[in-house]
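Engineer: Numbering (my numbering), first residue to last: 430 to 590. Sending over a structure as structure tokens; questions will come in a sec.
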Ligand SMILES: [Ca+2]
Ligand SMILES: [Ca+2]
């Protein structure tokens, strides 16, 4: 009696299960990478918008005169001056000391903007406040958003000359 020997060809069930598992893992890895890319690109977009907003706010403040007094001696107090109740009334740099801004109606929903202005003495420190009346003022604009790891700070120095 002759026995025919059958050679097996094709895939077994185990081969198919292993193959499908590899495909599933590959699809999962692609989805995770895609989600990371989307998350990172939205963070980059928020960062770019924060830079744009910070520069705009800084430029707005820098367009103002150095001090309420048009020449030295400079005023002895920071902040708004008599009769200045809204930002439309602000006419000098330190009127923006301690100000916060809301640009949500301009398409910057979720961004918080705050500004600090103080006098520095360059001979001792570029960053420490020495109180009003000095000839150099530092402007710091801080932009924050939930998608940013840390708030962004923009700094500028103005001279009263
Ligand atoms: Ca003023
Ligand atoms: Ca002022």
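From the three backbone atoms N, C-alpha and C, an ideal C-beta is built for every residue, glycine too.
#1: Applying the 10 Å Cβ sphere with the 16-neighbour rule, what's the burial state of residue 449?
#2: Taking residue 570 and residue 476 to be in contact with their CB atoms under 8 Å, please state how far apart those CB atoms are, rounded to whole angstroms.
#3: Pick from 587, 573, 588: whose alpha carbon is nearest that of residue 581?
#4: Looking at residue 568: is its Cβ nearer than 9 Å to the Cβ of residue 586?
#5: Using 8 Å as the cut-off, classify the Cβ of residue 504 as near or not near the heavy atoms of ligand 2, replying yes or no.
#6: Just to confirm the assignment, what range does the alpha helix (DSSP H) spanning residue 459 have?
#7: Please state if the CB of residue 504 and the CB of residue 518 are separated by a distance shorter than 9 Å.
#8: Using 8 Å as the threshold, is the stretch 523-543 in touch with the stretch 479-495, meaning 3 or more CB pairs across them?
#9: From residue 553 to residue 559, what does the alpha carbon distance come to, in whole angstroms?
#10: With a cut-off of 8 Å on the beta carbons, I'd call residue 583 and residue 487 a contact; round off their distance for me.
Structural biologist: Taking the coordinates as given:
#1: In the chain shown, residue 449 corresponds to position 20, counting from 1. The residue is exposed, with fewer than 16 neighbouring Cβ atoms inside 10 Å.
#2: Taking the chain shown and counting its residues from 1, one reaches residue 570 at position 141. Taking the chain shown and counting its residues from 1, one reaches residue 476 at position 47. Contact flag wrong, Cβ pair sits at about 15 Å.
#3: On the chain shown, position 152 is the one that residue 581 refers to. When each option's Cα is compared against that of residue 581, the closest is 573.
#4: As a working note, residue 568 is residue 139 in the chain shown. As a working note, residue 586 is residue 157 in the chain shown. Closer than 9 Å, so yes.
#5: For the purposes of this step, residue 504 is taken as the residue at position 75 of the chain shown. Checking every heavy atom of ligand 2 against the Cβ of residue 504, one is found closer than 8 Å.
#6: Here the question's residue 459 lines up with position 30 in the chain shown. Run containing residue 459: 442-491, per the alpha helix (DSSP H) assignment.
#7: Counted from its first residue, the chain shown places residue 518 at position 89. Counted from its first residue, the chain shown places residue 504 at position 75. No. Outside cutoff.
#8: Between the stretch 523-543 and the stretch 479-495, the count of C-beta pairs closer than 8 Å reaches three or more; the two stretches touch.
#9: Counting from one through the chain shown, the residue named residue 553 turns up at place 124. Counting from one through the chain shown, the residue named residue 559 turns up at place 130. Each residue's alpha carbon lies about 9 Å from the other.
#10: On the chain shown, residue 583 is found 154 positions in, with the first residue counted as 1. On the chain shown, residue 487 is found 58 positions in, with the first residue counted as 1. The pair is a contact, with the Cβ atoms about 5 Å apart (cut-off 8 Å).
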